[in-house]
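Respectively, the protein sequence lines represent chains A and B. In terms of our numbering, the first sequence has 468 at position 468, counting the first letter as 1, and numbering is strictly consecutive. In terms of our numbering, the second sequence has 100 at position 100, counting the first letter as 1, and numbering is strictly consecutive. Built from N, CA and C at the ideal position, the CB exists for glycine as well. To start, the structure itself, in structure tokens.
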Amino acid sequence: MICAGTGCVANGSLKVKDALETELIKRNLQKEVKIVLTGCNGFCAKGPVMVVYPEDIFYQLVKPEDVPHLVEEHFIKGRPVQKFLYTPPADKNTIPVMNDIPFFKHQVLRALRNRSLIDAEKIEEYIARDGYMAAAKALTEMTPEQIVVEMKKSGLRGRGGAGFLTGLKWELCARVSGDIKYILCNGDEGDPGAFMDRSVMEADPHSVLEGMIIAAKAINAHYGYIYVRAEYPLAVQRLQLAIESAKDHGLLGKDILGTGFDLDLEIYQGAGAFVCGEETALMASIEGKRGMPRAKPPFPAVKGLWQRPSVLNNVETFANIPPIILHGADWYASLGTEKSKGTKVFALSGALNNIGLVEVPMGTPLKTIIYDIGGGIKNNRKFKAVQMGGPSGGCIPGSLIDTPVDFENINKTGAIMGSGGMVVMDETTCMPAMAKFFLEFTEDESCGKCVPCRIGNKTLLTILQRITNGEGREGDIELLLDLSQQIKDTSLCGLGQTSPNPVLTTIKYFRDEYEAHIKEHRCPARVCTPLVKFVVDQSKCKKCGQCFKACPAGALKWEKGQVAYIDPEKCTKCKSCIKACRFWSID
Amino acid sequence: MSTEAAAEQTATNNEVILPEMYTRIDAIIEKYKDKPGSLIPVLQQAQEVCGYLPHLVQRYIAKGMNMSPSVVFGVATFYSYFTLVPRGKHVIRVCLGTACYVKRSEEIIEKIKAELDLEVGEITRDKKYSLEAVRCLGACGLAPVVVIGQDTYGDVAATKVMDIIKKYD
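Here is the structure:
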């Protein structure tokens with residue numbers, strides 16, 4: 001099983017596959033060993049990765065030139081190759097078996113149940129793993145009402161961010177009469193730092209289609225769209241193939257499985273607009289217009305796409321549905337917390353040792369995700385904060401690391417669950433600069449329809465630019481807080497109502513950094529260049545000379561046993577020395 | 001191409017659209033004309049034909065789809081996928097998503113801007129490269145990410161990025 005997710009392909013996994021094919025033929029093993037290209041394995045940081053069954057041996061960072069050695073050792077001599085096994089940080093012993101590795105051990109796979117097990121382009125492999133059984137059950141044994149009841153009982157909440165009860169959404173739409181209704185899938189994964197939907201669409205497209213069939217039956221829709229970002233070409237290609245093969249197998253189109261139920265699905269490629277993740281904006285976009293949200297009510301369940309009743313669910317939500325129908329609501333609700341049931345997929349990225357895609361039960365403490373699964377912070381630095389929920393979310397500081405991750409507890413911190421991006425930051429991240437980064441995003445992506453979002457966010461950005469440029473004024477923090485609250489209260493859609501969250505949470509937990517920027521003209525993380533003096537602090541310098549080696553401009557003066565000195569005439573303020581210094585001795 | 005369109009083309013000399021391109025755009029319009037809500041796919045495919053969306057082509061599409069040019073312009077400028085200026089032979093896209101930002105992808109952009117002497121959204125004078133800052137590409141495990149043409153590069157250092165770019169000629 002070779003991972004052919006985007007991360008591993010970029011690291012050359014397809015070349016590894018070719019090398020493996022050639023080598024197996026050379027040694028006449030092509031009949032004994034079958035190579036399967038799978039979707040994203042999740043452990044992206046270690047790509048290209050592969051898993052060898054039946055022993056479950058996990059190999060990482062495999063290069064094409066290593067393949068002959070690997071075949072010789074593993075397939076001929078029958079021993080795992082130490083060099084490509086996973087070694088935990090701060091440990092010497094390798095872990096050969098995949099599910100013994102902490103990154104995998106703490107995970108519970110439901111939405112990602114077929115991860116590393118099937119070839120995404122073969123419907124037979126999906127069917128072999130109980131695929132389309134739930135759709136068959138829903139179409140032949142269940143009434144729409146029964147499906148809705150089961151979904152409500154499961155407690156599944158929308159995985160796109162807002163966390164609305166999926167069953168309730170379906171019920172609202174099912175109640176509305178109308179001969180034409182639409183079932184829509186939101187694959188416009190726009191949050192920077194989130195890639196779980198991409199992975200599901202690429203690795204297990206049929207699970208999305210099956211979820212949509214069940215939903216269509218529940219609301220009585222016969223036509224649907226899957227809205228996918230144009231930035232995800234592989235996802236588009238795999239979904240297209242999945243739709244075609246499902247049609248060939250009588251699982252989509254007219255008279256599905258001979259039940260008389262029809263459903264046609266079509267892919268609609270987005271053209272790049274973050275706001276299109278908002279449901280009414282997404283529908284406007286499918287209608288060929290500028291993707292601008294409108295006021296609700298009427299809710300899309302009553303008047304949605306082309307003014308018809310519509311249900312829009314997120315990719316991960318759909319992927320969760322087949323097992324709920326197949327194994328029952330009680331099975332699903334057995335995991336999770338009181339109000340957040342089941343599991344959630346998170347995309348771990350940033351300053352972590354183990355970057356990748358993970359699925360854990362709701363209520364898992366942040367600490368388990370970051371330290372046990374994520375393997376802790378890279379380069380032994382200090383954990384500062386984790387950003388959740390993208391531009392609509394916020395930063396959760398190190399002091400709240402024991403927070404159980406579910407909708408309620410994350411909301412209490414001021415961040416939001418969002419679609420599940422977790423960007424981990426160490427002490428080299430400057431919080432006001434981080435807030436500025438998100439506001440640049442929001443300012444750019446605001447559709448411009450309502451004033452608070454269009455002008456308010458622009459003003460927030462101006463103030464943050466001032467602060468990070470060293471021109472912050474007394475009272476700026478209060479101004480940010482006041483303006484943020486007004487934008488939240490008065491914006492039309494979810495984008496504006498949540499866009500000040502990065503500002504509010506960073507002020508709430510890191511107010512001292514804002515004050516340092518404004519009052520002391522100092523950036524504690526040494527990120528904001530105008531506030532960095534580029535002077536070596538004599539008392540902190542350990543005379544190691546690392547800065548001297550790193551400087552590309554010849555501005556650093558250093559001799560063995562001497563404190564370093566930066567020549568301001570020659571310094572280009574590139575910050576290479578700051579990155580090289582491990583003792584924070586350059587201000 | 002109609003004589004009217006030809007006349008318009010002479011009027012704005014900067015935009016050169018080959019007759020062959022109009023033929024292909026005609027086929028796209030014909031395919032989607034009667035399907036509601038298909039302006040976005042039409043523009044996506046027209047952009048594949050021309051490499052960008054010249055004003056003349058936008059007007060041509062508006063006429064073909066029986067829409068006002070302002071509607072077409074509105075959609076073309078709303079979505080980041082569409083570009084109204086030509087792109088270079090090699091498009092360099094630097095990811096500015098959160099994960100890449102945390103890993104200092106801004107420094108990569110600054111480096112490219114300085115080395116190639118262009119701004120984001122611009123094209124080099126020899127038309128070889130154009131530079132774009134893009135939103136999260138969903139390859140956060142590889143951050144910071146630079147995409148050149150169809151090739152994705154992960155874990156790119158600002159100091160090394162020019163070595164990668166120079167491989168594309």
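Are the region 208 to 222 of chain A and the region 309 to 322 of chain A in contact at 8 Å, needing three or more beta carbon pairs?
Yes, they touch.
Should L84 (chain B) be labelled buried (16 or more other beta-carbon atoms within 10 Å of its own) or exposed?
exposed
Could you tell me whether the Cβ of G456 (chain A) comes closer than 9 Å to any Cβ of chain B?
no
Three-state secondary structure (DSSP) of M1 (chain B)
With a pLDDT of 47 at M1 (chain B), under the threshold of 50, the modelled position of this residue cannot be trusted, and the question is left open.
Given M283 (chain A), which residues of its chain have a CB within under 6 Å of its CB, disregarding the five upstream and five downstream residues?
G304 and L305
Roughly how far, in whole angstroms, is the beta-carbon of L209 (chain A) from the beta-carbon of L252 (chain A), given that I think they are within contact range, below 8 Å?
7 Å
For C577 (chain A), which three-state DSSP category applies?
helix
What would DSSP say about F548 (chain A), mapped onto helix, strand or coil?
helix
For Y129 (chain B), decide whether its Cβ has a neighbour in chain A, counting only Cβ atoms nearer than 9 Å.
No - not a single Cβ of chain A is within 9 Å of the one on Y129 (chain B).
Counting only beta-carbon atoms, is K573 (chain A) nearer than 9 Å to chain B?
no
In this structure, does DSSP put N13 (chain B) in helix, strand or coil?
Reliability of the predicted coordinates at N13 (chain B) is poor, the pLDDT of 45 falling under 50, and no value is obtained from them.
Identify the contact partners of Y232 (chain A) in chain B, using a Cβ-Cβ distance below 7 Å as the criterion.
Here the neighbours are G138.
Just to make sure I have the definition right: I need the residues of chain A whose C-beta is within less than 7 Å of the C-beta of Y81 (chain B). Which are they?
A230, A271 and G272
For chain B, check one thing: does any of its Cβ atoms lie closer than 9 Å to the Cβ of N11 (chain A)?
With 9 Å as the cut-off, N11 (chain A) counts as an interface residue toward chain B.
List the endpoints of the continuous alpha helix (DSSP H) containing C95 (chain B).
No alpha helix (DSSP H) contains C95 (chain B), which is instead part of the beta strand (DSSP E) from H90 to C95.
With contact counted as at least three CB pairs below 8 Å, one residue from each stretch, are the region 479 to 493 of chain A and the region 368 to 379 of chain A in contact?
no
Using a Cβ cut-off of 8 Å, pull out every chain A residue sitting near L116 (chain B), in sequence order please.
Taking a Cβ-Cβ cut-off of 8 Å, L116 (chain B) has no neighbours in chain A, whose nearest Cβ is about 18 Å from it.
Evaluate contact between the region 336 to 352 of chain A and the region 195 to 206 of chain A, counting only Cβ atoms and requiring at least three cross-stretch pairs below 8 Å.
yes
Buried or exposed by the 16-neighbour rule on C-beta atoms within 10 Å, applied to I416 (chain A):
buried
Among A:A111, A:F437, A:A45 and A:Y225, which residue has its Cα nearest to the Cα of K181 (chain A)?
A:Y225
Answer with buried or exposed for A7 (chain B), where buried requires no fewer than 16 other C-beta atoms within 10 angstroms of its C-beta.
Bear in mind that the predicted position of A7 (chain B) carries a pLDDT of just 47, short of 50, making it unreliable; the figure below should be weighed with that in mind. A7 (chain B) is exposed by the Cβ-count criterion.
Counting only runs that start and end within the region 18 to 82 of chain B, where is the alpha helix (DSSP H) found for 4 or more residues in a row?
19 to 32, 39 to 50, 55 to 64 and 69 to 78
Using CA atoms only, rank isn't needed, just tell me which of A:T280, A:R129, A:I76 and A:I286 is closest to P297 (chain A).
Of the listed residues, the one whose Cα sits closest to P297 (chain A) is A:T280.
Taking the alpha helix (DSSP H) that A230 (chain A) falls in, what are its first and last residues?
Unbroken run through A230 (chain A): none, as it is neither H nor E.
DSSP-derived helix/strand/coil call for A158 (chain B):
DSSP places A158 (chain B) in coil when its eight states are reduced to three.
Within 9 Å of any Cβ in chain A, is that where the Cβ of C100 (chain B) sits?
yes
Would T38 (chain A) pass as an interface residue toward chain B - the criterion being a Cβ-Cβ separation below 9 Å?
no
Between which residues of its own chain and C551 (chain A) is the CB-CB distance below 7 Å, once the five residues before and five after are set aside?
S576 and C577
Rounding to the nearest angstrom, what Cα-Cα distance links A4 (chain A) and L239 (chain A) in this structure?
Inter-residue distance for A4 (chain A) and L239 (chain A) is about 15 Å (C-alpha atoms, whole angstroms).
When the distance is taken between beta carbons, is V146 (chain B) closer than 9 Å to R93 (chain B)?
A contact, by the Cβ cut-off of 9 Å.
In three-state terms, what does DSSP make of P88 (chain A)?
Coil, per DSSP.
Quick one: which residues of the region 61 to 85 of chain B get their C-beta closer than 7 Å to a C-beta of chain A? List them in chain order.
Flagged, chain order: G74, V75, F78, Y79, S80, Y81 and F82.
Endpoints, beta strand (DSSP E) assigned at V360 (chain A):
Unbroken beta strand (DSSP E) run through V360 (chain A): G356 to P361.
So, does the CB of L96 (chain B) fall closer than 9 Å to a CB anywhere in chain D?
Among the protein chains in the structure shown, which are A and B, there is no chain D.
Range of the contiguous beta strand (DSSP E) that encloses K384 (chain A):
It spans F383 to M388 - the beta strand (DSSP E) in which K384 (chain A) sits, taken as one unbroken run.
Identify every run of the beta strand (DSSP E) within the region 269 to 357 of chain A, keeping only runs that are complete inside it and at least 3 residues long; order them along the chain.
310 to 314 and 343 to 350
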